[in-house]
Every structure is written in C-alpha cells, then in structure tokens.
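Since the structure comes first, as structure tokens, the remarks are kept for the end.
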Amino acid sequence: MATSAELYQLSWVIEQLLADPRRIVQVRAQLHTGQQVQYLSWGDGKLRSARVVGMHGDHVAIQDAANSKAFKVHYAAILTEPAAASTESGPTPADVELTKPAPPPEVAGRADFRVGNRVTFIDKNLQHRVGLIVRINQHTATLDCEGQKWRVAFELLRHLLDV
13 MATSAELYQL
23 SWVIEQLLAD
33 PRRIVQVRAQ
43 LHTGQQVQYL
53 SWGDGKLRSA
63 RVVGMHGDHV
73 AIQDAANSKA
83 FKVHYAAILT
93 EPAAASTESG
103 PTPADVELTK
113 PAPPPEVAGR
123 ADFRVGNRVT
133 FIDKNLQHRV
143 GLIVRINQHT
153 ATLDCEGQKW
163 RVAFELLRHL
173 LDV
C-alpha cells in the first residue's frame, strides 16, 4: 500500500546499497573469466546459468548457457555458489530467506594500521598483493610490495597474520 513516492525512495536506497564499492569488490574477488555462475534474469526473475566472459567497473559480462551473445549484468545479480533450487524455476520464498547474503565486512580505517604492519590487498587486476606499510597518509597507506611502491586506500587493506 506504499505510495509511488515511497516506492521511488525505496528504489533509490536499494540502488545506493547495490552500488556500494565494498559489495562489488566482495563479489568481484570471487569471480574469474570462464567461471560458471548463476544470475538473476531481470526479464523474468529466474535464476539462469551463465559463464563469465569479462569484468568491468560495476558490471560483469556473461554469456548465457542458452544464448551465444555476451551481455552485461550488475554484480549484484550474480550468484557465485551453486544454488539448490533449479535454474529455471527461480527461488522460492523459503529459499530466499535461507540464502540471505551476509552483510559486507567492516571497513578498516587509518587507526587500524601502523608503519611496519604486513598487509594484503587485491589490486585492480584481482591479484593478491602482500606488502609492508612504509608510510601512513591521510586516506591511503604507502606499501612496499616486492620492491614496488603502492598507495592503497585503508578500506582495501587486510592485516596479514603470520602463523
């Protein structure tokens, strides 16, 4: 019984949440070219099988199993792990409740890191990098990664634990 204005506002909030870079990075880190995934088809709301053929800013290029042409879908439409439901029938309400995605991880900030910490991050080519913090800047840390200097935002860094 929501008004059109309330539905529009809800749509805006959902778009903001889906465009959150943390969510995109979380999904993108689990994808690679050639991987079989499932995606939610916008046309009919059903889960369909596809193969990843490329990754772009906020979209992933996929090739549907029943279609020879590649097309782009938003990262939020991708399911990386196989679902128990049939790919043609779509999820039932009970399945949706059971498979709610976990919230994005807490974002690290400047206060969480010190010069000399060993950290890891995923670069723009989805390669895991390990480095030593040599300088703390206002919004980034300068890292020494095997002789290369990297300036990385704190949000992308994770502490490396030596075991």
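Going by the working numbering, the letters in the sequence shown line up with residues 13 to 175, in that order.
Virtual Cβ for every residue (Gly too), placed ideally from N, Cα, C.
C-alpha gap between His-68 and Gln-139, whole angstroms:
Translated into positions along the sequence shown, residue 68 becomes position 56. Translated into positions along the sequence shown, residue 139 becomes position 127. Spanning the two alpha carbons is a distance of roughly 15 Å.
Any contact of the stretch 21 to 29 with the stretch 52 to 62, i.e. 3+ C-beta pairs under 8 Å?
no
Which word fits Ala-106, buried or exposed, when buried means at least 16 other C-beta atoms lie within 10 angstroms of its C-beta?
Here residue 106 refers to the residue found at position 94 of the sequence shown. At Ala-106 the pLDDT is 47, less than 50, meaning the model places this residue with poor confidence; the figure from the coordinates comes in the next sentence. Ala-106 is exposed by the Cβ-count criterion.
Local conformation of Leu-59 per DSSP, three classes
For the purposes of this step, residue 59 is taken as the residue at position 47 of the sequence shown. Note: Leu-59 maps to strand in three-state DSSP.
Trp-54 in three-state terms, based on DSSP:
Taking the first residue of the sequence shown as 1, we reach residue 54 at position 42. In the structure shown, Trp-54 sits in coil (DSSP, three-state: anything other than H, G, I, E or B).
Bridge partners - Trp-162, DSSP secondary structure assignment
Against the sequence shown, residue 162 aligns to sequence position 150. In the DSSP output, where bridge partners are listed per residue, Trp-162 has Leu-155.
Measuring alpha carbon to alpha carbon, tell me which residue in Val-131, Gln-28, Ala-153 and Phe-166 is nearest Leu-172.
Here residue 172 refers to the residue found at position 160 of the sequence shown. Taking only the C-alpha atoms, the option nearest Leu-172 is Val-131.
Ala-88, enclosing beta strand (DSSP E) - first and last residue:
Here residue 88 corresponds to residue number 76 of the sequence shown, with the count starting at 1. First-last for Ala-88: undefined, no H or E at that position.
Beta-ladder partner(s) of Thr-132, from DSSP
Walking along the sequence shown from the start, residue 132 turns up at place 120. Answer is Val-142 and Arg-170.
Beta-bridge partners of Arg-49, as assigned by DSSP
Along the sequence shown, one-based indexing puts residue 49 at 37. The residue you asked about is not Arg; residue 49 is Val in the sequence shown. Paired residues: Ala-62.
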